[in-house]
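Quick note on the working numbering: the sequence shown kicks off at 196 and runs consecutively.
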Amino acid sequence: MTQIKADYADLRALMARMTGDEKHAKAATSTLDVLWVLYDRVLRVTPDMAEDRDRFYLSKGHGPMAYYAVLAAKGFLDPAEFERFGAFRSALGHHPDRVLVPGVEISSGSLGHGLPLAVGTALALRARGILEPRIWVLLGDGELDEGSNHEAIAYAARAGLDRLHVVVIDNRSATQGWPGGLETRFLVEGWSTERVDGRDHSGLEAAFTASGSGRPRLVVAEVDEPGDNH
Numbered sequence: 196m197t198q199i200k201a202d203y204a205d206l207r208a209l210m211a212r213m214t215g216d217e218k219h220a221k222a223a224t225s226t227l228d229v230l231w232v233l234y235d236r237v238l239r240v241t242p243d244m245a246e247d248r249d250r251f252y253l254s255k256g257h258g259p260m261a262y263y264a265v266l267a268a269k270g271f272l273d274p275a276e277f278e279r280f281g282a283f284r285s286a287l288g289h290h291p292d293r294v295l296v297p298g299v300e301i302s303s304g305s306l307g308h309g310l311p312l313a314v315g316t317a318l319a320l321r322a323r324g325i326l327e328p329r330i331w332v333l334l335g336d337g338e339l340d341e342g343s344n345h346e347a348i349a350y351a352a353r354a355g356l357d358r359l360h361v362v363v364i365d366n367r368s369a370t371q372g373w374p375g376g377l378e379t380r381f382l383v384e385g386w387s388t389e390r391v392d393g394r395d396h397s398g399l400e401a402a403f404t405a406s407g408s409g410r411p412r413l414v415v416a417e418v419d420e421p422g423d424n425h
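In C-alpha cells:
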C-alpha cells in the first residue's frame, strides 16, 4: 500500500479525485469536519485494527468520499484507488463495504442501520469484558425518520451503554422535526446531549471528549449544507 502524508487541507483535493457520485457530494462534504476531528483527535484506531480499538460506524454511508479521503490520510487506504472509485471491481463503492475497504467496520448506505448495530456491539464488548473501546456512530438527521433508530435510542440508556457515542449531522433534512431540536428525542430517553457548530474543530473536539456522566452521549453537529436530503 502507498502511504501518504495528508492533513485536513488536503482532504478536498483527495475527494475531488473520486468522481461519478456527484449527486451525493453534499452528503460527503457535510461529514468532512466531523470525520477529520474524530480520526485526527479522538478515535483510538490505527490500520492494524487491534481488538481493543474504538469502533467507528458510518451509518450515513451514501456519499462516502469524505470518509475514504480521511481513511487515506490516516494510512488505511491507498489514494491511487480513488481514480477507480465506483468502477467495476473497485473496492471503493458508492457505499462503503466492510469486506473490501480497510478500516471500515460496517457496510452501510441503507438508512437506519448504524445505531442498532452499534448498540449490539456495545453489548457484545461488555459481555466479553472488553470495556475500554468506545463505539462511535455518525448519522444524518434524515435517518431519524427510521424507526429502527428510535428503538436503539430508547434502549441504549436503559441498558447503561455509556461507551456509545452518536454524532448527528443536522442540516435540517429530517421530514419530521422535534420541538426544541432533535437532541430532545435523545435527552428524554436519558442521553447526555450537546449541540455544536459542525465546522468548528475545537468545538467538535471538546464535545466529543466531554464526559457523558455515565450515559450514552449525543453530539449534534450543525452543518449548513443545503441539498443533502439525508
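We treat Cβ as the ideally placed atom computed from N, Cα and C, and that holds for glycine.
Give me the DSSP bridge partner(s) of Y252. Reading the sequence shown from its first residue, position 57 is the one you call residue 252. Y252 is bridged to V332.
Under 9 Å between the Cβ atoms of E400 and V232? To locate residue 400, count along the sequence shown from 1; it is residue 205. To locate residue 232, count along the sequence shown from 1; it is residue 37. Yes.
Give me the Cα-Cα distance between S368 and V418, rounded to the nearest whole angstrom. In the sequence shown, the residue the question calls residue 368 occupies position 173. In the sequence shown, the residue the question calls residue 418 occupies position 223. Cα-Cα distance, rounded: 11 Å.
Given a cut-off of 9 Å, decide if L356 and A317 are closer than it, judged by their beta-carbon atoms. Here residue 317 refers to the residue found at position 122 of the sequence shown. Here residue 356 refers to the residue found at position 161 of the sequence shown. Against a cut-off of 9 Å, the Cβ pair of L356 and A317 comes out as a contact.
To the nearest angstrom, report how far apart F283 and R207 are at their CA atoms. Position 88 of the sequence shown, counted from the start, is the residue given in the question as residue 283. Position 12 of the sequence shown, counted from the start, is the residue given in the question as residue 207. Cα to Cα, F283 sits roughly 24 Å from R207.
Return the residue from the list Y350, S408, R412 and K200 that minimises the CA-CA distance to E378. By 1-based counting over the sequence shown, the position of residue 378 is 183. Comparing Cα positions, the closest option is R412.
Helix, strand or coil: how does DSSP classify S387 here? For this step, residue 387 is matched to residue 192 along the sequence shown. Note: S387 maps to strand in three-state DSSP.
Could you tell me the distance, in whole angstroms, from the CA atom of N424 to the CA atom of W331? For the purposes of this step, residue 424 is identified with residue 229 of the sequence shown, where counting begins at 1. For the purposes of this step, residue 331 is identified with residue 136 of the sequence shown, where counting begins at 1. A caution first: N424 carries a pLDDT of 46, below 50, which makes its placement in the model unreliable, though a value can still be read off. Computed Cα separation, rounded: 22 Å.
Reduced DSSP category for V294 - H, G, I as helix; E, B as strand; rest coil: Position 99 of the sequence shown, counted from the start, is the residue given in the question as residue 294. Three-state DSSP puts V294 in coil, outside helix and strand.
For the stretch 215-244, list the alpha helix (DSSP H) runs that are entirely contained and at least 4 residues long, ordered along the chain. 220-224 and 227-232
Residues in its own chain within less than 8 Å of W373 by CB, not counting five upstream and five downstream? In the sequence shown, the residue the question calls residue 373 occupies position 178. Closer than 8 Å at Cβ, skipping near neighbours: T379 and R380.
Taking C-alpha atoms, which residue in Y262, G342 and E278 lies nearest to L230? Walking along the sequence shown from the start, residue 230 turns up at place 35. It is Y262 whose Cα lies nearest to the Cα of L230.
In the DSSP assignment, find the unbroken alpha helix (DSSP H) run with H360 in it and report its ends. Here residue 360 refers to the residue found at position 165 of the sequence shown. Premise fails: H360 lies in the beta strand (DSSP E), L359 to D365, not in any alpha helix (DSSP H).
According to DSSP, R412 sits in a beta bridge with which residue or residues? Along the sequence shown, read from residue 1 onward, the residue named residue 412 stands at position 217. R412 is bridged to H360 and S387.
Which of the three DSSP states is assigned to E417 in this structure? The sequence position of residue 417 within the sequence shown is 222, counting from 1. Strand at E417.
Can G342 and V363 be called in contact, C-beta distance under 9 Å? Taking the sequence shown and counting its residues from 1, one reaches residue 342 at position 147. Taking the sequence shown and counting its residues from 1, one reaches residue 363 at position 168. Result no, Cβ atoms of G342 and V363 do not sit closer than 9 Å.
State the Cα-Cα distance for the pair R410 and R323, rounded to the nearest angstrom. Here residue 410 is taken as the residue at index 215 of the sequence shown, counted from 1. Here residue 323 is taken as the residue at index 128 of the sequence shown, counted from 1. In a straight line, the C-alpha of R410 is about 20 Å away from that of R323.
Segment limits, alpha helix (DSSP H) that includes Y350: By one-based count along the sequence shown, residue 350 stands at place 155. Counting along the chain, the alpha helix (DSSP H) containing Y350 begins and ends at G342 to R353.
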